[in-house]
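So in the working numbering, the last spot in the sequence shown is 579, and the numbers never skip. What follows is one structure encoded as structure tokens, with my remarks underneath.
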Amino acid sequence: MPREVLPPDPDAEAQWRKLEQNAPSKKATPPIMGGNRLLWGILVIGFILAVVSIVARLFGGA
Numbered sequence: 518m519p520r521e522v523l524p525p526d527p528d529a530e531a532q533w534r535k536l537e538q539n540a541p542s543k544k545a546t547p548p549i550m551g552g553n554r555l556l557w558g559i560l561v562i563g564f565i566l567a568v569v570s571i572v573a574r575l576f577g578g579a
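Structural data, given as structure tokens:
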């Protein structure tokens, strides 16, 4: 289905150019999935689970 190409609206473009055009701050763009805190939490939980599973195999008597 072909798309109709609309001409640019000069009034809207002029209003957009009047806006402040600076780079976003780090607070405005949070990292995906919460950043380092969540990553470290997942790594610590994984490490704890790995240690518990190794200890359970050694002393579990399976």
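We put the beta carbon where it would ideally sit given N, CA and C, even for glycine.
Under three-state DSSP, which class holds serine 570? Here serine 570 sits in helix by DSSP.
To the nearest angstrom, how far is it from the Cα of isoleucine 562 to the Cα of lysine 544? 27 Å
From proline 541 to lysine 535, what does the alpha carbon distance come to, in whole angstroms? 17 Å
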